[in-house]
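Have a look at the structure below before the remarks.
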């Protein structure tokens with residue numbers, strides 16, 4: 011089941027951010043489509059990506075001179091929830107893991123349309139060229 015379709019409305023106009031977001035959407039959909047046996051491994055991959063993804067955006071915020079503690083705080087909340095849900099999934103609560111995936115789709119759409127759009131606009135006005143972290147180029 012595809013939770014989130016990549017469309018033009020998700021593109022924010024920054025190639026580095028758009029590529030990272032496209033990967034997030036792909037990993038989220040893979041998690042949603044996962045069978046029970048592969049679910050934890052796919053959740054781990056999504057969580058690994060998300061931690062690096064958020065760290066990258068936070069570096070861009072700092073390097074471009076945008077102070078956004080609420081943006082970074084929201085990132086941390088999502089990571090904390092994902093880690094807590096992962097522990098429950100490992101304990102056998104796959105339904106909670108599937109619910110997490112379903113809830114991440116609308117969260118991501120809203121986050122990208124608000125906080126990430128503000129970040130991209132700031133970077134463009136500041137003349138800051140975002141570069142993807144090496145972890146995404148491997």
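Residue numbers (the numbering used here): 11 to 148.
Think of the CB as a built atom: it goes at the ideal place given N, C-alpha and C, for glycine as much as any other residue.
Query: Tell whether a beta-carbon distance below 8 Å holds between residue 42 and residue 76.; Result: no
Query: Starting from residue 104, trace the alpha helix (DSSP H) in both directions and tell me its first and last residue.; Result: 104-121
Query: Assuming the contact rule is C-beta atoms closer than 8 Å, residue 50 and residue 99 should be a hit. Round their C-beta distance to whole Å, please.; Result: 6 Å
Query: Mind checking which residues open and close the alpha helix (DSSP H) that includes residue 88?; Result: 79-100
Query: Tell me, please, whether the stretch 67-76 touches the stretch 87-104 by the rule of three or more beta-carbon pairs shorter than 8 Å.; Result: no
Query: Suppose the cutoff is 8 Å on Cβ atoms and the five residues either side in sequence are ignored; what does the same chain contact list for residue 79 look like?; Result: none
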